[in-house]
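Residues 4 to 456 in my numbering are what the sequence shown lists, from first letter to last. Worksheet: the structure to be examined is printed underneath.
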Amino acid sequence: MSENARIESSSTNRASELLTRLASIPFSRWHIKPRVIIGSATFFDGFDSLSLAYALPVLIGMWHLKPSQIGLLIASGYLGQALGALIFGTIAERYGRVFSIKGAIFLMSVMGIACMFAGNFNMLFTFRFLQGVGLGGEVPIAATYINELSAAHGRGKFFMLYEMIFPISLMLTAQVGAFIVPHYGWKWIFLIGGVTGLVILPLFFTLKESPRWLITKGKFDEAEHVIKEMEASTDVRVPVSMDVNKTAVKSKWTELFSPFYRVRTLVVWTLWFSAYFISNGLNNWLPSLYKTVYKLPLSESLHAASLTNVVQVCIVLACAFLIDKIGRRRWATVAFLVAGCLLGALFLNGATSAKSVMYLGSLSYGVVGSITVLLYLYTPEIYPTRMRAIGTAFATTWLRLASAIGPMIIGFVLDAKGIASVFAGFAAICIIGSLVAMRMVETSGKSLEEIAP
């Protein structure tokens with residue numbers, strides 16, 4: 004055996020040994036710190052992502068915005084997020100998950116503060132775009148990081164309870180926005196999100212890098228140091244059986260379209276696009292729809308819109324406790340179908356009252372919202388460590404594109420065809436999503452190395 008072959012064999016054995024030890028560690032007190040710190044960033048990401056929706060009802064009258072301009076403002080942040088997911092996803096693969104997250108949070112927070120100084124449409128469009136670059140980088144890399152710290156047993160529940168932070172953030176943002184905007188003005192909602200992001204940023208300098216990422220980079224000693232800390236926090240071990248022979252192989256983004264991963268990639272991209280076209284289309288437009296289409300007062304419009312996020316939190320909580328038993332594929336398939344029926348009912352009755360939209364729209368948003376959270380669990384599961392961050396980043400780019408295109412299309416359809424046609428389109432997309440979800444790979448109860456060699 005040549006010297007190079009011996010070195011490669013030794014590296015593979017070391018990687019296998021470290022990954023086996025990592026996979027045997029259940030959730031313990033060690034996991035609490037990264038979960039809380041990453042969760043705090045995810046919380047304020049949710050705050051920043053929805054802040055514009057609660058400022059828009061005021062800005063529409065102040066700046067005399069047309070529906071098409073409203074759609075463009077909503078789209079600006081998501082266009083930035085699409086770019087940010089690719090930029091920070093690449094950084095995360097090359098320089099580490101934690102390094103990438105810190106840069107994304109800094110950019111997102113600074114641009115959030117800048118939004119409060121916007122004096123016109125063009126300025127706010129620009130600041131929201133740049134804020135979106137940071138937001139688009141943090142969320143998928145944070146999901147990748149948390150997933151890489153999780154053991155196979157109970158990973159769905161562990162991750163979904165962490166990811167609950169995002170819908171809870173949206174719910175609280177809605178409540179805060181409904182109170183602050185009518186009483187103190189629209190600028191405060193941007194200031195709160197930006198300042199708190201900078202306040203929590205120093206905490207991220209205390210996080211350990213993902214041991215799985217360290218192993219793929221050949222940094223075995225650093226990875227072992229982290230794993231020893233995790234092992235010291237609990238005496239419990241879970242049985243592990245997996246093949247890790249490919250964990251040290253380098254990868255390019257083109258592997259997403261290799262024969263083994265091609266169908267997974269196309270399926271998950273379609274699911275991201277479908278789920279977020281509906282969820283962010285509803286969530287960003289509902290406050291303005293209640294005020295402009297159904298003529299509700301500002302405060303009542305904002306409180307009606309906030310109901311959608313309360314419903315989502317309840318459904319996502321149920322999903323967190325059931326997902327490992329029901330399975331990812333079955334939940335997504337049925338959830339899309341149920342949401343399609345609810346939105347179809349709104350179309351058939353013409354969406355004539357604010358009350359029908361409030362109830363049926365909120366339920367459909369909550370059901371689809373559970374899929375949006377589920378996808379942050381599922382997507383990092385179906386790719387190996389060597390391309391997990393970039394695979395997740397590419398997938399979430401489709402959510403950004405859907406979230407950018409959706410509000411603009413809604414604005415144009417609303418002008419041309421009316422509100423009922425908007426819900427008809429949503430229902431059709433749900434049916435497509437349900438059919439595509441049937442092609443998902445079931446990942447429940449399997450180690451990451453088993454799912455994606």
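Note that beta-carbon positions come from the ideal geometry of N, C-alpha and C, so glycine has one too.
For TRP256, collect the residues of the same chain with a Cβ closer than 6 Å to its Cβ; drop the 5 residues on either side in sequence, then sort them by chain order. Residue 256 sits at position 253 when you count from the first residue of the sequence shown. So the qualifying residues of the chain are ILE393.
Local Cβ density within 10 Å of CYS118, reported as buried at 16 or more and exposed below that: Taking the sequence shown and counting its residues from 1, the one referred to as residue 118 is at position 115. Buried, since its Cβ has 16 or more Cβ neighbours within 10 Å.
Which residue comes first and which comes last in the alpha helix (DSSP H) that contains ARG442? Taking the sequence shown and counting its residues from 1, one reaches residue 442 at position 439. Note, ARG442: premise wrong, no alpha helix (DSSP H); not H, not E.
Mark LYS160 as exposed unless 16 or more other C-beta atoms lie within 10 angstroms of its C-beta, in which case mark it buried. For the purposes of this step, residue 160 is taken as residue 157 along the sequence shown, with counting starting at 1. Per the 10 Å Cβ criterion, buried.
Can you give me the start and stop residues for the alpha helix (DSSP H) that HIS228 sits inside? Looking up residue 228 in the sequence shown gives position 225. That run of the alpha helix (DSSP H) goes 223-235.
Cα-Cα separation between ALA95 and LEU301, rounded to whole angstroms: Your numbering for residue 95 matches position 92 in the sequence shown. Your numbering for residue 301 matches position 298 in the sequence shown. Going from the Cα of ALA95 to the Cα of LEU301 covers about 42 Å.
If you draw a straight line from the alpha carbon of ALA342 to that of LEU292, how long is it in whole angstroms? The residue labelled residue 342 in the question sits at position 339 within the sequence shown. The residue labelled residue 292 in the question sits at position 289 within the sequence shown. Rounded to whole angstroms, ALA342 to LEU292 spans 20 Å at the Cα level.
So, PRO383 versus ASN287, is the Cβ gap smaller than 8 Å? Stepping through the sequence shown from its first residue, residue 383 is reached at position 380. Stepping through the sequence shown from its first residue, residue 287 is reached at position 284. The answer is no: Cβ separation not under 8 Å.
Collapsed DSSP secondary structure at SER213 in the structure displayed: Looking up residue 213 in the sequence shown gives position 210. In the structure shown, SER213 sits in coil (DSSP, three-state: anything other than H, G, I, E or B).
Identify the continuous alpha helix (DSSP H) that holds GLU453 and give its terminal residues. In the sequence shown, counting from the first residue as 1, residue 453 sits at position 450. Counting along the chain, the alpha helix (DSSP H) containing GLU453 begins and ends at 451-454.
Alpha-carbon to alpha-carbon, ILE40 and ALA407: Counting from one through the sequence shown, the residue named residue 407 turns up at place 404. Counting from one through the sequence shown, the residue named residue 40 turns up at place 37. Rounded to whole angstroms, ALA407 to ILE40 spans 29 Å at the Cα level.
With a CB to CB cut of under 7 Å and the five nearest residues on each side skipped, what residues in its chain are close to TRP189? Within the sequence shown, residue 189 is the residue found at index 186, counting from 1. So the list reads ALA58, VAL61 and LEU62, once near-sequence residues are dropped.
So what does DSSP say about TRP189, is it helix, strand or coil? Taking the sequence shown and counting its residues from 1, the one referred to as residue 189 is at position 186. Three-state DSSP puts TRP189 in coil, outside helix and strand.
Separation of PRO70 from LYS249, as counted between CA atoms: In the sequence shown, counting from the first residue as 1, residue 249 sits at position 246. In the sequence shown, counting from the first residue as 1, residue 70 sits at position 67. Note that LYS249 has pLDDT 47, beneath the 50 cutoff, so the model's placement of it is unreliable and no number is given.
Euclidean distance between Cα positions of PHE280 and LEU402: As a working mapping, residue 280 is identified with position 277 in the sequence shown. As a working mapping, residue 402 is identified with position 399 in the sequence shown. The alpha-carbon atoms of PHE280 and LEU402 are separated by roughly 7 Å.
Would you report the Cα separation of VAL247 and LEU22, rounded to the nearest angstrom? If you number the sequence shown from 1, residue 247 lands on position 244. If you number the sequence shown from 1, residue 22 lands on position 19. Residue placement at VAL247 cannot be trusted, given a pLDDT of 48 that sits under 50; the coordinates are not used to answer.
Does the beta-carbon of PHE426 have 16 or more other beta-carbons within 10 angstroms, so that it is buried, or is it exposed? Start at 1 with the first residue of the sequence shown, and residue 426 comes out as number 423. PHE426 is buried by the Cβ-count criterion.
Below 8 Å on the Cβ atoms is my guess for VAL202 versus ILE192; work out the distance and round it to an integer in Å. Within the sequence shown, the letter at position 199 stands for residue 202. Within the sequence shown, the letter at position 189 stands for residue 192. At roughly 16 Å, the Cβ-Cβ gap does not stay under 8 Å, so VAL202 and ILE192 are not in contact.
Evaluate HIS306 with the Cβ neighbour count: other Cβ atoms within 10 Å of its Cβ, from every protein chain shown; 16 or more gives buried, anything less gives exposed. For the purposes of this step, residue 306 is taken as residue 303 along the sequence shown, with counting starting at 1. It is buried - the Cβ of HIS306 has at least 16 other Cβ atoms within 10 Å.
Note down the Cα distance separating TYR81 from ALA348, rounded to an integer number of angstroms. For the purposes of this step, residue 81 is identified with residue 78 of the sequence shown, where counting begins at 1. For the purposes of this step, residue 348 is identified with residue 345 of the sequence shown, where counting begins at 1. Between TYR81 and ALA348, the C-alpha separation is close to 29 Å.
Nearest to GLY83 by alpha carbon, out of MET65, CYS322 and GLY135? Here the question's residue 83 lines up with position 80 in the sequence shown. Measuring from the Cα of GLY83, the nearest candidate turns out to be GLY135.
Excluding the five sequence neighbours on either side, which residues of its own chain have a C-beta within less than 6 Å of the C-beta of GLU166, listed in chain order? For the purposes of this step, residue 166 is identified with residue 163 of the sequence shown, where counting begins at 1. Excluding residues within five positions, the ones whose Cβ falls inside 6 Å are VAL376 and TYR379.
Just the C-alpha distance for ILE318 and LEU217, rounded to the nearest angstrom, thanks. In the sequence shown, the residue the question calls residue 318 occupies position 315. In the sequence shown, the residue the question calls residue 217 occupies position 214. Approximately 36 Å, taken between the alpha carbons.
My understanding is that ARG38 touches ILE149, with C-beta atoms under 8 Å, so please give their C-beta distance in whole angstroms. For the purposes of this step, residue 38 is taken as residue 35 along the sequence shown, with counting starting at 1. For the purposes of this step, residue 149 is taken as residue 146 along the sequence shown, with counting starting at 1. ARG38 to ILE149, Cβ: 7 Å. Contact.
How big is the Cα-Cα spacing for PHE162 and PHE30? To locate residue 162, count along the sequence shown from 1; it is residue 159. To locate residue 30, count along the sequence shown from 1; it is residue 27. About 11 Å.
Please go through the same chain and pick out, in chain order, the residues whose beta-carbon is closer than 6 Å to the beta-carbon of LEU451, but skip the five residues on each side of it. Position 448 of the sequence shown, counting from 1, holds the residue named residue 451. Hits under 6 Å: none found.
Top-ranked residue by Cα proximity to PHE208, from SER103, PHE130 and GLY115: Locating residue 208 in the sequence shown gives position 205, where the first residue counts as 1. The option with the nearest alpha carbon to PHE208 is SER103.
Chain-order list of residues whose beta-carbon lies under 7 Å from that of LEU285 (same chain, five-residue window excluded): Position 282 of the sequence shown, counting from 1, holds the residue named residue 285. So the qualifying residues of the chain are THR311, GLY364 and TYR368.
For THR176 and ALA398, I'd like the C-alpha separation in whole angstroms. Within the sequence shown, the letter at position 173 stands for residue 176. Within the sequence shown, the letter at position 395 stands for residue 398. Looking at the two C-alpha atoms, the distance is approximately 26 Å.
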